[in-house]
Each structure stands twice: as structure tokens, then as C-alpha cells.
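Residue numbers (this note's numbering): 603 to 1146. Don't be surprised by glycine CBs; every beta carbon is placed ideally from N, CA and C.
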């Protein structure tokens, strides 16, 4: 009999299958302190939570029998994934159950700010009858810019199109065919897209790349009188810059369901001077009966399967996959992921194709062992490379299990090949293609277990893929490296290691600088301009 502890309010109908399972004892205990929770979890096999339970390292260590932690919803910020993975605890979530709820809230927000519905409601309830204050904007014929054409963004596009709106999208990583099939015009420049839109709605994850994507600078490009909607994640918009744009009438209105700090007690958007222009809600995007039931049903179904040893889906981490591998195989798995991350930073546009090539006896010995039926049978290293490639763009919730499915969804063709090992005993190589660029690299793991990148775009090079890496191509002439070193020194950035790859007669070189810290944006711009580089990319491999 498996014991499953439920620590938060979950939709009753969504838990029905759990209560009816003959091999499971469901225990509901709410509002426990962290100390009480650590005590309660000692003989528990699985934990079901929402966002209000901190599943930290201490709690995971207290749960000696814990096999599964199930998060009802998408985000897993409250769960220490690293600690869970090390203990072999499967972390499940339910990423699809709230798509319609989030879509409908977005549409509701668009209607609310376009017609000033909340403000008109408050006015009437206060005893006023001032219709002239609430002159609205019709949606028919207006342009809607969707930033992020994923599940929710696509669903919003379908509904907005039915209202007679003209739909644009900004999503450099989406397959152009997807936008075409939805009848959405894809734009490659965010600022140019903002200048065309009457309404802008955001549907991207919060990543290093998307944090404050709407800021003071980008808001300077927005069409005067436009409306901004954020039902995605707090932190995507600089709230102070947004409030300023509203006060200056560059924005006609803004509707936010998500906030930089939650629970949100204060925000520049809460300024009383903006009350006629702003609609804010307390992160209710998934708060419908149907969505709450759906996310609960999804996670419960997979939890029962995981405990019973049956095929399951939506695992955020994959300890079972790595735990079956040798130490050297795990190092190559880590190398593959880092190579995918590097490729994602070098090729900014939509990736059409990725090829993972393996050479050496190690790859002949690895068995493919997928935990559930999926429409692919890729080597673990291919899945890891896809994970690295996609998590840079879609966020940390991408895992090795979902990455191949997401690659298919985004129109990325995936190929595997075997080669003959030459210089090194075992070599892993990837080649990534977009419409305008091809980027390749090769890596190995030494006998001492050290990961190395040994080739970039057919240039022989040797550097460790970890920490902050400045990867660049330059004209092979005196003074280039000196200029970069001086510029970095001026900004207090220390160079830990330097690697150079050259080709005789080519006149070009590729170099990698390993740095002790990141490079300020201003410094990167100066490096690219003053050092006469062909291209340069700052890559963050910290915390892998």
C-alpha cells in the first residue's frame, strides 16, 4: 500500500481516481508548518502539492521513502529539482490542463481594458452614471501582437482571429509553418512588431532571455495608445517602465494577472493615478473549476502510474534514466546538454534541424530504455542535447523526456548518426541548422572524467564547457585578443582560461574565453564593435 500525502487544496473531482485506487492510501493534511511537514513525510511514498509547499532539500531528505513529488500545475519553482534528482525522486507536473483557462482569462483581460469594464462597474456601484468616462475601443479590425506562439499563444490567436483582429506574432524560435497554419504573420523584430500592434499579449516563460523583455527601451517603440496584457509570468515586464508609459499615454491601458513579487502587495501598477488604465488580478489564470480539475486529474493519473511502475508522462526530471548509466555515460549526457545550450546561444533564430553524431565504443554499449511509449527512440545523448537547446528558449521546465516531443512540436528535424572515432576514443558531435546558419561542435570526456569541447565549426579548439564562456570568431590578426582582454579588464571581468582555434590560410579564428563572471551589456557591445569580431556570444553554463 502506497501512502500519498496531499498538502494543499486540490480539486475534489481531480483526486477521485487517487481515492479509488486500491493500492493507495491518500492522506490530506493542510496548513502544516515546515517542521510538521518534515515529520509527516517520513513514511510517505508520494507528495501532492501546489505552489504553496516548499519542497526543499531538507524536506526531501526527511522523506526517506519518497518516490514521487507531484505538482498540480506547471511551475516547479517551489521544488528543489536538483535535490530530488540526486535522491532519485520523480517530479511530476501537469503542463497542459490550464491552457484554456489561461487563454480565456487573456481574452477577458483584452475585453476589460478595451471597454474599461472593471472601471465602469466600480463607477456605477459607487453611485455614478458617467457613460462618457468609459469610451472604449472595439477589437474588430485592430492588430494583436502575440509574443510567444506556444500552446496558450496559439489558442489566443484562434479566438482573436474570430473577433476580426489582425494577428502578428513575435517568436524567433517557433516553426514558421505553425504561424502560417494559424493565419498569423510572424515578425522577426520585436521593436518593429510593437510599433504595429494595437494590443500586445505575452505568452512566454520567464527565462534569462525573456526577463524584462518589455522594458523602458522596448516600450519606446510601442505604438502610441496600445494596450499591454501579461497573463504569463511576472518579471517579463518591467512594471516601473510600464507604469511610466501609462502615465505618459504611450500605453492606453495594461492588464496584468502576474506580478514580479507574489503575493503582490505593492507595485508601480497599483498607483492610484493609474486606476482608470490598469486591470490587475491575483494570478487567477488557472482558476477555473475545469482547469483545476484537469490539472489535478493529469497529475494524479501519472502519479498512480509512476508508483505502480507503469508508463507515465510529464516528469520534470529523469533520475531513472541517469541512474542506470555509468559515470562516464552520465558525463557525456551532461556534455550533450551543454553543447545544446551553446548551440541555442549561437543560433538565435528558429532551428530547423539538429544532428547528433556519436563515435566510439561507449555509444555502442548504451541501451535505449524509455520509461513510456513515445513516437521516437532517440539515444539519451540526443535527448540531452535537445533539452539543452530547448531549455535556453523555453525555460527550465523542459526535460529530457519532453524535449523530443517539444522539438517535434516546434518543427525541428532530429537526426542521429554513428561515426568512426579517430583522435579521441569517444566523441560526441552536434550540428544545428537554421534557415541562414549552420553551427557545429564536437566534444569528449577525458579518462579523468573532464568534459571538453574539442571542435567548433571545423576549427580544432580545447576548452571546458562550464561557467561563463565568451565564444567568438575573429579575423586572425594581431591585437584582437589584447583589445578584448583590455575591455574586459576595464569592466572588472577576469579571464580564467583562453582557447584558440586557427586554420592556416583561412585568415579567421575561433576563440573561447572562460570568465569568472558575466559581461555587462555595454561591455559586450563595445567588444563586438571595437574588437572587430565577426560574431560573439556570451554563454551561461553556470549551475548545470
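Top-ranked residue by Cα proximity to residue i, from the options
| i | options | result |
| --- | --- | --- |
| residue 760 | 708, 816, 996, 841 | 708 |
| residue 629 | 1140, 800, 603 | 603 |
| residue 1069 | 871, 856, 1144, 668 | 1144 |
| residue 1141 | 757, 991, 651 | 991 |
| residue 1041 | 1095, 1027, 949, 646 | 949 |
| residue 742 | 800, 661, 750 | 800 |
| residue 930 | 904, 967, 1044 | 967 |
| residue 579 | 952, 957, 725, 818 | With the chain covering 603 to 1146 only, the question about residue 579 has no answer from this structure. |
| residue 898 | 711, 939, 673 | 673 |
| residue 830 | 1127, 625, 852 | 852 |
| residue 816 | 881, 748, 910, 755 | 748 |
| residue 819 | 928, 625, 874, 841 | 841 |
| residue 871 | 881, 864, 865 | 881 |
| residue 676 | 896, 1037, 933, 1115 | 896 |
| residue 1098 | 1072, 1108, 1112 | 1072 |
| residue 1045 | 1054, 861, 1115, 894 | 1054 |
| residue 932 | 911, 901, 986 | 986 |
| residue 1136 | 1090, 1116, 1074 | 1074 |
| residue 639 | 778, 622, 609 | 609 |
Inter-residue Cα distance where the pair is residue i and residue j
| i | j | result |
| --- | --- | --- |
| residue 649 | residue 1008 | 27 Å |
| residue 1122 | residue 1093 | 8 Å |
| residue 1032 | residue 1058 | 10 Å |
| residue 689 | residue 1023 | 35 Å |
| residue 774 | residue 615 | 39 Å |
| residue 694 | residue 668 | 13 Å |
| residue 838 | residue 824 | 16 Å |
| residue 607 | residue 613 | 15 Å |
| residue 883 | residue 644 | 38 Å |
| residue 904 | residue 835 | 26 Å |
| residue 982 | residue 962 | 15 Å |
| residue 827 | residue 744 | 12 Å |
| residue 939 | residue 850 | 45 Å |
| residue 1095 | residue 1086 | 11 Å |
| residue 812 | residue 1014 | 21 Å |
| residue 858 | residue 1056 | 47 Å |
| residue 916 | residue 965 | 27 Å |
| residue 605 | residue 918 | 21 Å |
| residue 1125 | residue 627 | 58 Å |
| residue 660 | residue 795 | 47 Å |
| residue 1128 | residue 1091 | 13 Å |
Residue interval of the alpha helix (DSSP H) (run including residue i)
| i | result |
| --- | --- |
| residue 621 | 618-622 |
| residue 932 | 929-948 |
| residue 994 | 982-996 |
| residue 764 | 753-764 |
| residue 1034 | Counting along the chain, residue 1034 falls outside any alpha helix (DSSP H), though it belongs to the beta strand (DSSP E) covering 1029-1036. |
| residue 848 | 841-849 |
| residue 717 | 701-717 |
| residue 1088 | 1082-1092 |
| residue 819 | 818-821 |
| residue 814 | Premise fails: residue 814 is in no alpha helix (DSSP H) and is neither H nor E. |
| residue 639 | 636-642 |
| residue 736 | Careful: residue 736 lies outside any alpha helix (DSSP H) and carries neither H nor E. |
Secondary structure of residue i, DSSP reduced to three states
| i | result |
| --- | --- |
| residue 724 | helix |
| residue 658 | coil |
| residue 833 | coil |
| residue 594 | The structure shown has nothing for residue 594, since the chain only spans 603 to 1146. |
| residue 901 | helix |
| residue 1121 | coil |
| residue 1023 | coil |
| residue 1116 | strand |
| residue 603 | coil |
| residue 806 | coil |
| residue 1147 | With the chain covering only 603 through 1146, there is no way to say anything about residue 1147. |
| residue 647 | coil |
| residue 1078 | coil |
| residue 667 | coil |
| residue 976 | Low local confidence applies: a pLDDT of 40 at residue 976 is under 50, so the model's placement there is unreliable, with the coordinate-based value given in what follows. Of the three classes helix, strand and coil, the one that applies to residue 976 here is coil, per DSSP. |
| residue 1004 | coil |
| residue 767 | coil |
| residue 951 | coil |
| residue 867 | coil |
Residue i - containing beta strand (DSSP E), residue span
| i | result |
| --- | --- |
| residue 1044 | 1040-1047 |
| residue 672 | 670-673 |
Residue i Cβ short of 7 Å to the ligand NAP heavy atom set
| i | result |
| --- | --- |
| residue 817 | Here there are no bound small molecules, and the ligand NAP is not part of this structure. |
Neighbour flag for residue i against chain B, beta carbons, 8 Å
| i | result |
| --- | --- |
| residue 1137 | Among the protein chains of the structure shown there is no chain B, as only one such chain exists. |
Segment contact, 8 Å Cβ cut-off, at least three pairs: the segment 709-720 with the segment 933-950
Because the criterion of three Cβ pairs below 8 Å is not met, the segment 709-720 and the segment 933-950 do not touch.
State whether the segment 672-690 contacts the segment 721-740, with contact taken as three or more CB pairs (one from each stretch) at a distance under 8 Å.
Judged by pairs of C-beta atoms under 8 Å, the segment 672-690 does not touch the segment 721-740, as fewer than three such pairs exist.
Counting pairs of Cβ atoms below 8 Å between the segment 780-794 and the segment 760-772, do you hit three or more?
These segments touch.
Taking contact to mean 3 or more Cβ pairs, one atom from each stretch, closer than 8 Å, check whether the segment 1074-1088 and the segment 1037-1053 are in contact.
Segment contact: the segment 1074-1088 against the segment 1037-1053, fewer than three CB-CB distances shorter than 8 Å; contact not assigned.
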